[in-house]
Structure formats: C-alpha cells, structure tokens
Amino acid sequence: MRLLDSARHVLRDVHVFVFPSECAGCGLPDVGVCSDCGDALSAHPRLVDPQSAPATLTIPVVSAGEYDVTLARVLHAIKDGGRAGIARVLSARFADTIRAFEQGFDVDLTPAKNQVAGEPLRLVAPPSSRDNRRVRGFEPLNLIAHHAGVRLWQPLVSSRRRADQSRLGLSARADNMRNSMSTRANVTGASVVLVDDVMTTGATLTEMTRALHDAGAHVRGAVVLGHAVRRWPHPRSRQL
C-alpha cells in the first residue's frame, strides 16, 4: 500500500510539471507555480492571539502568514482543482512553520504531568470527510506533509456528518463543528500539536482540542498554513 501511494505521488508530480497548464497563483501560462508566487508562499511565521478569533481557543496558534489571494488560489487548485502535484510548493512553508513553533516562540513544550514517558510531539490533522476523500482521491494536508518529510498522526474521526464550513457564517461554523469529532485511537498521555491548512474562525481547532482533551491527550498548540485576518476585527500578532 505504501509503495502504491508513493507511486501515485510521483505520477501526480510528473504530470503537473511535464504538462503544466498555468500558474495556480497568478495564471501565468506553462508553469505549475511561477517563481513570484513561489516566493509569495514563503513562510513568515507569527503567533496569532487566540483571543482575536471568534471561537474560544485556549491554545497558541502559529501561522505561516496571512491567508492571502495567492495562498487561497494554490490551496483551491490542490483541493478542488485536482492539481495534487503542486502540493510540493507548500512543503517548505509547512516545515518552516512547524520549526518556528518548536524553536521560535514562547510555547510551553515541557512534559505534562501524566504525559507518557518518552512520548514525542505528534502532529494531528483534522479528519477529512468520506465524500472529500472519494472525490479527491487524496488528502491535501497529508500530501503537503509528505513532501515536507513530516508524518501526521490521525487519531481523530468525524462522529457525525458536517456541512461545508466554507458556506457557513461565523456563528454557524462553531455550531457545525461542535461535538463533531471523536478519537479512534488511544491518545491518553500523548502530547500533540494540531495542524491545518487555514484558520478562519478557529472552530475546527477548537473542536479538535476538545475531542483530544476529552480523550486524555495534551494539546500544546497548533500550526496552520494561513490565518484569515479578515474574519475578526482586531488581530493581534507578532512576527518572527
């Protein structure tokens, strides 16, 4: 199975780079992602104040940067445009932000009281819906992490059907996510960092935190590829 998955990743990359259509970020012809858009996707990690988000977050969130037009277009191309090969261009952004979380910010990573001895920090992604997995044939965040040489742990599952978050307003997002996840693995004593592509209201990270805390895990914070500052009026952040 792993060999088959690796072969699929290689074939997707070859198809995109040998037969590119246009830049996913700006539309420049005959290139997967142009150099200017690639530069625009570089990480500029910052600690986002959880209190500035509509959802009640209780963990530190480190973002690679703002959820701007370039990032939005590239993520859309990967997630909804079937362009899995360009996931590679976000791998450095992902890896650099994880590194910043671990080394560049005042985040308490000391072992918790009942943390399993020797348990490393584990990166946990939100569960994908069955419909999305079937339509896409891959999980975008997993693919980005794969190119970054990072392994994600996925002990969370959807415990009920949820509406598409992108089509909901701010308050509806929190209601849609509330009590929608549960764990399928023993996470007691595990020390985890949440990862996601974009934080808009913080509803997904809040629900992930709840589900993992309820199951006995220690959630130390979160890393996201971008945060949508337009979702709240007075974002307070500091740049690394």
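Everything in the sequence shown is counted per the working numbering, starting at 128 for the first residue and increasing by one. Virtual Cβ for every residue (Gly too), placed ideally from N, Cα, C.
Using DSSP's beta-bridge definition, name the partner residues of Asp323. Val351
First through last residue of the alpha helix (DSSP H) which encompasses Arg337: 330-341
Kindly give me the distance between the Cβ atoms of Trp280 and Val234, rounded to whole angstroms, as I take these residues to be in contact under 8 Å. In fact, because the Cβ distance is near 19 Å, the residues do not count as touching under 8 Å.
I'd like to know whether the C-beta atoms of Ala222 and Ala275 end up nearer to each other than 8 Å. yes
Taking 8 Å as the threshold (C-beta atoms), are Ser318 and Arg347 in contact? yes
Extent of the continuous alpha helix (DSSP H) run through Val196: 196-206
Under 7 Å Cβ to Cβ from His253, same chain only, skipping five residues before and after it: list those, please. The sequence shown places Pro at residue 253, rather than the His named in the question. The residues are Leu283, Asp323, Thr331, Met335.
Check this for me: beta carbons of Ser256 and Ser218, under 8 Å apart or not? no
Pro267, DSSP secondary structure in three states: helix
Can you tell me whether Val356 is buried or exposed, with buried defined as 16 or more other CB within 10 angstroms of its CB? buried
Host beta strand (DSSP E) of Thr310 (start-end): 308-310
With DSSP collapsed to three states, give me the class of Val277. coil
Assign Arg278 to one of two classes, buried (16 or more other C-beta atoms within 10 Å of its C-beta) or exposed (fewer than that). exposed
Is it right to say Val262 is buried, meaning 16 or more other beta carbons lie within 10 angstroms of its own, or is it exposed? exposed
Would you kindly work out how many angstroms separate the C-alpha atoms of Pro247 and His345, rounded to a whole number? 12 Å
Between Ala199, Leu321, Leu184, Phe228, which lies nearest to Leu174 when the distance is taken from Cα to Cα? Phe228
Alpha carbon to alpha carbon, what distance is there between Asp207 and Ser162? 22 Å
Less than 8 Å separating the beta-carbons of Ala170 and Thr224? yes
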